[in-house]
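Below: one structure, written as structure tokens.
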Amino acid sequence: MSDKRVILVIEDERTISNFICRALTANNYKAIPSFRGKDGLSQFYSHSPDLVLLDLGLPDMDGMDILKELEELPQETPVIIISARDREAEKVKALDMGADDYIVKPFGVSELLARIRTTLRRADRLKQSQGVQRDVYQIKDLTVDVAKHQVLVGGEEIHFTQNEFKILELLCVHAGKVLTYDFILEHVWGPYGNTSNQILRVNMANIRRKLKENPSDPKYVLTELGIGYRMLED
Amino acid sequence: MRRMISRIYKRCGEILQYIPSLPRNLLVTFVFLCLAYLSSQALINHTGAENNSALVFVVAVILIALFTDGYRYGIVASLVGAFCINYFFMFPYRQFSLSYAGYPVAMLSMLAISGIVCALTTRVKNQAVEAMRREQKTRELYEMNEKLNREKTAIQLEADRETIRSNILRAVSHDLRTPLTSISGAAAVLLTCEEITTSEKNLSLVRDIKNDADALITMVENLLSITRIRDGTMPLTKREEMLEEVAGDAMLTVRRRFPEYSVSMELSDDILYLPMEPMLIKQVIINLLENAIRHSGDRDHIGLFLFRRDNWAVVEVRDQGKGVSPEVIQAVREGRQLERNLSGDSSRGMGIGLAVCQSIVKAHDGFFEVGNDREIGGAVFRFGLPMEEQDNE
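Printed below as a string of structure tokens:
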């Protein structure tokens, strides 16, 4: 990458903003700090950053309103939400509104950098593919062939039920992004499926067993506790 | 009037209550009749034939009715009195006679008067007794009410104090979290700077800052958890969760914090989907793993096991280290809070760590056990949560 990627940090806690910006600069990003919501939006329009880090708890504006405004723009700039641990509903709402990822306070620098990398990579890929659906997804030694309805792990075929396959496919299509329970339920069982969370969770547990996944050391599917699932990228 | 009667009645009652009722009533009746007879005798000697003995006897009957139980003695006394008047104080003396005109009328009216007075007295007396009883009851109720009020105020005060205490604790913890995040974060940034990494002295200082900030973050998380449990006012916000996901998340946190330790997690085929407050259960698992890491002395064999036993979803943390002391096992068995100094060298708040585990598991109606493995050696920390909905599957 020739140019430095620009990241807008909308965070009112100066100390946190400070170390985030230092970490970003040290890792070859250009960081633009903003301590207020209104200022953040104007910074966004003047710099058109590649990614936005957004704290939901701002003093002058509801973070959700900023998110809504950003999502309505045609640029489709990815947004990562910064949120407190005990506000899961808020995170789920933000993700459903179109935020790309979230990170929970207190977080570590390496975790933050990893999320930023993943999100940027995903955004780049989306731009390149221009919404063209692929037929085969490859994640490490896992191959999901949508056309043939086939799943291979290390060349060996594993049988999945209809719904399990649909979940896997959905996760692959959005690899790298957190998918909320509601999002998955709606896309696999349909918007009027009236299905409970439990069905999804049990299906997921079965997928995990078939892939011989250990949730403490996930190779393919990462659990986002209380929020949803995320397919790791290759 | 009623008050006076009740006062007299009470005073005499106090004296007389030591004598059994039948002899007492007979004695009272006898004494008053004798007094009536004697005073009538005195009057007759004084005033001659024109006597007021009937009135004297009526008074005696009233008094008898007052100081005896029921109206029976009064009636008997009035009969005796009527006979006495006729016999002793009316012409012909010392002789019973109804032959003179007016005598039967006088006798009957005296009987009637004393009977009515007797009945009225009894009623007044009963009312007095009733009033006294009521007064007594009212007083008791009042006193009890006072006592309850006092207790209520005390409890309320204690609850208020507790609420204030945990609110302060929560506010402080919340406020600590942000600066601690930036301390730890800034230290992490420094750790990647060349100026720091080239000097071993600086490096170890910054590493200490980072480690201590992270340890404080853990402690703040624990404090936040405990204020949520101890509050009591706020019920757990349970929801159905896959235990393996919660445990996996806890494992990821621990691995990130202690990358140099090898901790493994073993799942059974049971699907453990049960109601819990996932953040709190995650905290319990993190605390138990950290406890094993810090205190067992074992670096390579710390294991987390999930399985189902009867209607319990069980989580076990095992190590092959030096094991737990009998004091800790004893304290856990008795449901006591673990003392800070019991958990070994007690580095950085692990004393409250196990206490938090116990509180959280208890709030989930689960069980918490600590022991040592007899064969391999090493400590076993185990807790179970009830599997509610899965019973009928």
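Just so you know, the sequences run in chain order A and B. Take 1 as the starting number for the first sequence in our numbering and just add one per residue. Take 1001 as the starting number for the second sequence in our numbering and just add one per residue. Just so it is clear, CB atoms sit at the ideal spot from N, CA and C, and this is done for glycine as well. Predicted model only: the values in this text are computed from it and were never measured.
Put glutamine 138 of chain A into one of helix, strand or coil per three-state DSSP. For this step, residue 138 of chain A is matched to residue 138 along the first sequence. Strand, per DSSP.
Taking the C-alpha atoms as reference points, what is the distance between isoleucine 1064 of chain B and alanine 1112 of chain B? Taking the first residue of the second sequence as 1, we reach residue 1064 of chain B at position 64. Taking the first residue of the second sequence as 1, we reach residue 1112 of chain B at position 112. Roughly 16 Å separates the two Cα atoms.
Interface partners of leucine 1169 of chain B on chain A, CB under 8 Å: In the second sequence, residue 1169 of chain B corresponds to position 169, counting from 1. Ordered by position in chain A, no residue passes the 8 Å Cβ test against leucine 1169 of chain B, which lies about 15 Å from the chain.
C-beta contact flag for tyrosine 1261 of chain B and isoleucine 1293 of chain B at 8 Å: The residue labelled residue 1261 of chain B in the question sits at position 261 within the second sequence. The residue labelled residue 1293 of chain B in the question sits at position 293 within the second sequence. Between tyrosine 1261 of chain B and isoleucine 1293 of chain B, the C-beta gap is smaller than 8 Å, which places the two residues in contact.
With isoleucine 1044 of chain B as the anchor, note down where its alpha helix (DSSP H) starts and where it stops. Indexing the second sequence from 1 puts residue 1044 of chain B at position 44. Looking at the DSSP string, the run of the alpha helix (DSSP H) that includes isoleucine 1044 of chain B is 1021 to 1047.
Pick out the complete alpha helix (DSSP H) segments inside the stretch 99 to 160 of chain A, 4 residues or longer, and give them in chain order. Within the stretch 99 to 160 of chain A, the complete alpha helix (DSSP H) runs of at least 4 residues are 109 to 129.
Let me know if histidine 1295 of chain B comes out buried or exposed under the rule of 16 or more other beta-carbons within 10 Å of its beta-carbon. For the purposes of this step, residue 1295 of chain B is taken as the residue at position 295 of the second sequence. The residue in question, histidine 1295 of chain B, is buried, as its Cβ has 16 or more Cβ neighbours within 10 Å.
Ignore the nearest five residues each way along the sequence and tell me which others in glycine 1384 of chain B's own chain have a CB closer than 6 Å to its CB. As a first step, residue 1384 of chain B must be located in the second sequence, where it is residue number 384. Trp1312, Val1314, Gly1366, Phe1367, listed in sequence order.
Spatial distance of valine 202 of chain A from glutamine 43 of chain A (CA atoms): Position 202 of the first sequence, counting from 1, holds the residue named residue 202 of chain A. Position 43 of the first sequence, counting from 1, holds the residue named residue 43 of chain A. Cα to Cα, the separation comes out at about 45 Å.
Would you call the stretch 1090 to 1105 of chain B and the stretch 1141 to 1148 of chain B touching, i.e. three or more CB-CB distances under 8 Å? no
Please state whether DSSP places alanine 175 of chain A in a helix, a strand or coil. In the first sequence, the residue the question calls residue 175 of chain A occupies position 175. Coil at alanine 175 of chain A, not helix or strand.
Measuring alpha carbon to alpha carbon, tell me which residue in B/Ala1186, B/Ile1226, B/Glu1244 is nearest leucine 1169 of chain B. Residue mapping note: residue 1169 of chain B aligns to position 169 of the second sequence, counting from 1. Of the candidates B/Ala1186, B/Ile1226, B/Glu1244, the one whose C-alpha sits nearest the C-alpha of leucine 1169 of chain B is B/Ile1226.
Contacts that leucine 1280 of chain B makes with chain A (C-beta to C-beta distance below 7 Å): Position 280 of the second sequence, counting from 1, holds the residue named residue 1280 of chain B. Among the residues of chain A, none has a CB under 7 Å from the CB of leucine 1280 of chain B; the nearest is roughly 11 Å distant.
Note down, one range per segment and in chain order, each beta strand (DSSP E) of at least 3 residues found wholly within the stretch 186 to 221 of chain A. none
Measuring CB to CB, does asparagine 1372 of chain B end up less than 8 Å from valine 1324 of chain B? Within the second sequence, numbered from 1, the residue matching residue 1372 of chain B stands at position 372. Within the second sequence, numbered from 1, the residue matching residue 1324 of chain B stands at position 324. The answer is yes: Cβ separation under 8 Å.
Isoleucine 1329 of chain B versus B/Phe1307, B/Leu1354, B/Cys1118, residue with shortest Cα-Cα distance: On the second sequence, position 329 is the one that residue 1329 of chain B refers to. Nearest C-alpha to isoleucine 1329 of chain B: B/Leu1354.
Alpha-carbon spacing of valine 1076 of chain B relative to arginine 1134 of chain B, whole angstroms: As a first step, residue 1076 of chain B is located in the second sequence; it is residue number 76 there, counting from the start. As a first step, residue 1134 of chain B is located in the second sequence; it is residue number 134 there, counting from the start. Approximately 31 Å, taken between the alpha carbons.
Out of B/Leu1306, B/His1364, B/Ala1131, which has the shortest C-alpha to C-alpha gap to phenylalanine 1381 of chain B? Locating residue 1381 of chain B in the second sequence gives position 381, where the first residue counts as 1. Measuring from the Cα of phenylalanine 1381 of chain B, the nearest candidate turns out to be B/Leu1306.
Between B/Ser1053, B/Lys1362, B/Ser1109, which lies nearest to cysteine 1034 of chain B when the distance is taken from Cα to Cα? Here residue 1034 of chain B refers to the residue found at position 34 when the second sequence is read from its first residue. The residue with the shortest Cα to Cα distance from cysteine 1034 of chain B is B/Ser1053.
Among B/Ala1363, B/Ile1376, B/Asp1269, B/Gln1283, the one whose alpha carbon lies nearest that of glycine 1321 of chain B: In the second sequence, counting from the first residue as 1, residue 1321 of chain B sits at position 321. Closest option to glycine 1321 of chain B, Cα to Cα, is B/Ile1376.
Residues bridged to tyrosine 1273 of chain B [DSSP beta-bridge criterion]: As a first step, residue 1273 of chain B is located in the second sequence; it is residue number 273 there, counting from the start. In the DSSP assignment, tyrosine 1273 of chain B is bridged to B/Met1242.
Give a yes or no on whether 8 Å exceeds the smallest Cβ distance from serine 1184 of chain B to chain A. One-based indexing of the second sequence puts residue 1184 of chain B at position 184. For serine 1184 of chain B, the answer is yes, since a Cβ of chain A falls inside 8 Å of its Cβ.
Could you tell me which chain A residues have their CB closer than 8 Å to the CB of aspartate 1249 of chain B, listed as they occur along the chain? Against the second sequence, residue 1249 of chain B aligns to sequence position 249. Chain A residues near aspartate 1249 of chain B: Pro215, Thr223, Leu225.
Apart from the five residues just before and just after aspartate 1319 of chain B, which ones in its own chain have a Cβ nearer than 8 Å to its Cβ? On the second sequence, position 319 is the one that residue 1319 of chain B refers to. So the qualifying residues of the chain are Ala1292, Ser1296, Asp1298, His1301, Ile1302, Gly1303, Gly1378, Ala1379.
Are the C-beta of lysine 105 of chain A and some C-beta of chain B separated by less than 8 Å? Mapped onto the first sequence, residue 105 of chain A falls at position 105. It does; some Cβ of chain B falls within 8 Å.
Looking only at DSSP bridge pairs, what is arginine 1309 of chain B linked to? Position 309 of the second sequence, counting from 1, holds the residue named residue 1309 of chain B. B/Trp1312.
For the stretch 186 to 210 of chain A, enumerate the residues whose C-beta is nearer than 9 Å to any C-beta of chain B, in chain order. Ser196, Asn197, Gln198, Arg201, Val202, Met204, Ala205, Asn206, Arg208, Arg209
Please list the terminal residues of the continuous beta strand (DSSP E) segment that includes glycine 1081 of chain B. Your numbering for residue 1081 of chain B matches position 81 in the second sequence. Glycine 1081 of chain B -> not in any beta strand (DSSP E); alpha helix (DSSP H) instead, spanning 1072 to 1088.
Backbone secondary structure at aspartate 1069 of chain B - three-state DSSP: The residue you call residue 1069 of chain B lines up with position 69 of the second sequence. Coil.
In the DSSP output, what is aspartate 1214 of chain B paired with across the bridge? Here residue 1214 of chain B refers to the residue found at position 214 when the second sequence is read from its first residue. Answer is none; aspartate 1214 of chain B lacks a bridge partner.
For valine 1189 of chain B, tell me which candidate among B/Lys1210, B/Ala1171, B/Glu1200 has the shortest Cα-Cα distance. What you label residue 1189 of chain B is simply residue 189 of the second sequence in a count that begins at 1. Comparing Cα positions, the closest option is B/Lys1210.
Inspect the beta-carbon positions of phenylalanine 183 of chain A and glycine 228 of chain A and report whether they are closer than 8 Å. Within the first sequence, residue 183 of chain A is the residue found at index 183, counting from 1. Within the first sequence, residue 228 of chain A is the residue found at index 228, counting from 1. The answer is yes: Cβ separation under 8 Å.
Which class does serine 1347 of chain B belong to by DSSP, given the choice of helix, strand or coil? For the purposes of this step, residue 1347 of chain B is identified with residue 347 of the second sequence, where counting begins at 1. Caution is warranted here: a pLDDT of 44 is assigned to serine 1347 of chain B, below 50, making its placement in the model unreliable, and no coordinate value can be reported.
Between the C-alpha atoms of valine 1370 of chain B and arginine 1228 of chain B, what's the straight-line distance to the nearest angstrom? Within the second sequence, numbered from 1, the residue matching residue 1370 of chain B stands at position 370. Within the second sequence, numbered from 1, the residue matching residue 1228 of chain B stands at position 228. So the two alpha carbons sit approximately 24 Å from each other.
Short Cβ contact (8 Å threshold) for alanine 175 of chain A with isoleucine 139 of chain A: The sequence position of residue 175 of chain A within the first sequence is 175, counting from 1. The sequence position of residue 139 of chain A within the first sequence is 139, counting from 1. Cβ atoms of alanine 175 of chain A and isoleucine 139 of chain A: closer than 8 Å.
Whole angstroms is fine: what's the gap from leucine 1026 of chain B's alpha carbon to arginine 1072 of chain B's? Here residue 1026 of chain B refers to the residue found at position 26 of the second sequence. Here residue 1072 of chain B refers to the residue found at position 72 of the second sequence. C-alpha separation (whole angstroms): 11 Å.
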